[in-house]
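Once you know that position 186 of the sequence shown is 186 in the UniProt record's numbering, the rest is easy, because the numbers rise by one and skip nothing.
So the structure is just underneath, and the comments pick up after that.
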Amino acid sequence: MLHVIGLGVSETARLSDEAVAALQHCDVVYGSDRQLATVSGYLVPCSKDASFSGNVICTESSAGTDAVGIDKTTYLNDNGVSQSTVIVPDLCVLPKLSELKDQLTDRLSNDQTICVLASGDPLFFGIGRWLKQHFEQWGISFYPAVSSIQTACHKLGLSLQDVQVVSLHGRPLISLRRHLKQNQTLVILTDKHSYPEAIAQECLTAGFTGFTLTICEDLGYPQERVTTVDVSSEQQIDLSALSDVSPLHVSVLQLKQVRPDDQLSPTLVQADLAQSSQAQSEQSQPDRVYLPEFPGIPDQHFITDGPAGKGMITKREARLNILSLLQLAKGDVLWDIGAGCGGVAVELSYWQPGAEVWAIEHHPERLACLEANRERFGVVSNLKVVSGRAPEALNNLPTANKVFIGGSDGELPQLLDLCWQQLPEQGVLVASAVTENTRQHLLNFYQQRQQATDAQLDTLQVAISKGAELAGQLMYRPTLPVTLFRFEKQAVVEKKAQPEKQVIDDNYQGRAND
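Structure, rendered in structure tokens:
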């Protein structure tokens with residue numbers, strides 16, 4: 001049996017009766033040195049003159065002192081009668097997860113009862129989920145406690161339902177970008193790569209010039225400290241107060257409304273563009289907020305292999321239709337074949353973080369733009385870039401249940417057949433066409449699926465005219481129409497036999513009407 005005990009946020013744990021009982025009746029306790037110290041008061045052995053209740057007796061166990069100073073010697077009480085026994089468990093400092101998995105498996109296989117200590121609430125960005133995934137078969141119980149996130153919100157008077165919790169622990173700092181929204185409050189769990197100073201710099205790089213960052217350090221300890229830094233475009237930004245903080249901290253980021261004329265002064269922040277191409281450098285200067293609030297990222301916010309808003313990228317109007325046709329869901333695996341500069345792949349990844357998107361591109365300049373957009377919009381966790389040409393580049397990818405083909409380099413018929421064969425039932429294939437040759441290949445495939453009756457079919461054409469001024473007059477310029485095809489795989493539908501037509505001669509028909 002495995003017990004997972006939340007310790008809350010305090011120098012000394014305040015445990016429920018159930019958690020104390022689990023702790024005192026287990027064979028081994030796992031936790032960090034700090035966590036083991038917080039429960040030491042619950043594991044102190046009984047003394048000879050201790051008061052007892054309910055016939056609970058302390059018996060002699062192995063002598064010695066453990067790493068946190070708990071004497072492991074216990075004694076019989078003066079009555080010498082025992083009906084139950086309290087034994088101080090072994091105390092183990094938490095190893096790496098890979099080692100912990102092996103140790104717990106071995107102990108549980110030998111019918112040992114184990115307690116694992118967890119900071120805050122074990123099932124809220126804690127170790128609880130990992131333990132449940134791997135050890136549920138042995139039986140697992142959880143004992144909740146107040147988390148550092150709850151405590152920080154109460155310190156600042158923030159309602160928990162009004163904030164978004166983001167964990168950057170073990171994740172790239174740049175992944176914060178996908179969560180940055182105007183008038184949003186983020187409670188952020190961090191690691192050594194995402195300290196408050198780096199978080200503030202990330203906000204500035206993304207174009208946010210008005211925000212408040214509050215650092216709640218050592219919550220529940222005597223040295224507890226809460227520091228707030230307000231950043232606005234009207235003042236010089238001093239981030240020095242954010243550079244020296246305790247490892248035990250929670251950051252609360254409150255983003256403000258961005259005014260249309262808000263721009264970052266070059267003296268406030270210098271984005272690191274040293275590794276970017278010239279095209280990226282020209283398009284990604286942090287002069288305004290570019291992160292989207294709603295689907296339909298403006299074309300000019302992407303880094304492309306052409307002028308701003310141009311180049312090899314699926315334009316917004318067609319892109320929104322593609323997103324709608326694909327309906328990417330949590331747990332989906334999608335291939336974006338011929339991803340270009342990443343318009344479709346980035347927007348899919350941005351709005352559905354629970355899906356896995358694989359973007360395949362072989363053109364060097366477009367590939368560089370794709371990588372740059374992946375970082376620019378912070379979708380580094382679930383967007384994977386594959387350098388190569390399809391179909392060869394698909395060989396080692398996880399099986400997809402959704403596919404988008406935006407470019408094929410003349411291999412479209414082969415790609416359609418290959419992708420369709422590997423798609424599971426209810427899998428979706430969406431493809432776009434601008435040229436007549438590509439459209440004809442897709443029409444042929446459409447007709448094949450009609451004859452095979454193995455797909456639900458849908459097709460539409462997106463034709464947009466955009467307004468522009470010419471000689472002071474408004475006019476609309478048509479863009480190239482984009483034809484979209486959607487194929488959803490289904491079991492083959494058996495065609496029902498048509499009833500034979502009854503032939504009635506004219507004379508009989510005439511008699512019938514008499």
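Ideal placement from N, C-alpha and C gives every residue a C-beta, glycine not left out.
Cα-Cα separation, residue i to residue j
i: Q254; j: G128; result: 28 angstroms
i: residue 515; j: L320; result: Past the edges of the chain, shown from 1 to 514, lies residue 515, and the structure says nothing about it.
i: T314; j: G343; result: 6 angstroms
i: R449; j: G207; result: 48 angstroms
i: G220; j: K192; result: 21 angstroms
i: S324; j: L370; result: 22 angstroms
i: V269; j: V166; result: In this prediction, V269 scores a pLDDT of 29, lower than 50, which makes its location untrustworthy; the coordinate-derived value is nonetheless stated afterwards. Going from the Cα of V269 to the Cα of V166 covers about 24 angstroms.
i: W130; j: E361; result: 35 angstroms
i: L186; j: R486; result: 38 angstroms
i: C203; j: L239; result: 12 angstroms
i: N395; j: G311; result: 28 angstroms
i: T190; j: A468; result: 47 angstroms
Residue i vs residue j beta-carbon contact at 8 angstroms
i: A359; j: D336; result: yes
i: L242; j: D218; result: no
i: L418; j: S387; result: no
i: L484; j: V403; result: no
i: A355; j: L328; result: yes
i: V252; j: A339; result: no
i: Y30; j: L108; result: no
i: C216; j: V163; result: no
i: Q184; j: V258; result: no
i: A200; j: V231; result: yes
i: Q297; j: R376; result: Residue 297 is actually Ile in this sequence, not Gln. Not closer than 8 angstroms, so no.
i: G120; j: S159; result: no
Residue from the options with nearest C-alpha to residue i
i: residue 516; options: Q461, Q164 and E18; result: Residue 516 falls outside the range modelled here, since the chain spans only 1 to 514, and no answer is possible.
i: H25; options: A329, P89 and Q223; result: P89
i: R374; options: A393, P353 and E392; result: P353
i: P295; options: A318, G311, I303 and L43; result: A318
i: Q223; options: L158, V245 and Q414; result: V245
i: L7; options: Y30, T38 and V28; result: T38
i: T214; options: R486, G31 and T228; result: T228
i: E293; options: A22, A431, T459 and H179; result: H179
i: L397; options: A455, V4, K384 and L43; result: K384
i: residue 592; options: L326, E365 and N382; result: Here the chain covers residues 1 to 514 and nothing more, so residue 592 does not appear.
i: residue 515; options: Q447, I464, L291 and S465; result: An answer regarding residue 515 cannot be provided, because it is not within the stretch 1 to 514 covered by the chain.
i: I140; options: G407, T12, A22 and L100; result: A22
i: A463; options: G472, S40 and P481; result: P481
i: D33; options: V93, T453 and A455; result: V93
Any non-hydrogen atom of the ligand NAP within 7 angstroms of residue i CB
i: G128; result: The ligand NAP is absent from the structure shown, which contains no ligands of any kind.
Backbone secondary structure at residue i - three-state DSSP
i: R225; result: strand
i: L474; result: strand
i: S32; result: coil
i: T185; result: strand
i: D150; result: Note that residue 150 is Gln in the sequence shown here, rather than Asp. Reduced to three states, the DSSP call for Q150 is helix.
i: A431; result: strand
i: F208; result: coil
i: A329; result: coil
i: D218; result: coil
i: L248; result: coil
i: V258; result: coil
i: G467; result: strand
i: V344; result: helix
i: E11; result: coil
i: G296; result: coil
i: R389; result: coil
i: V20; result: helix
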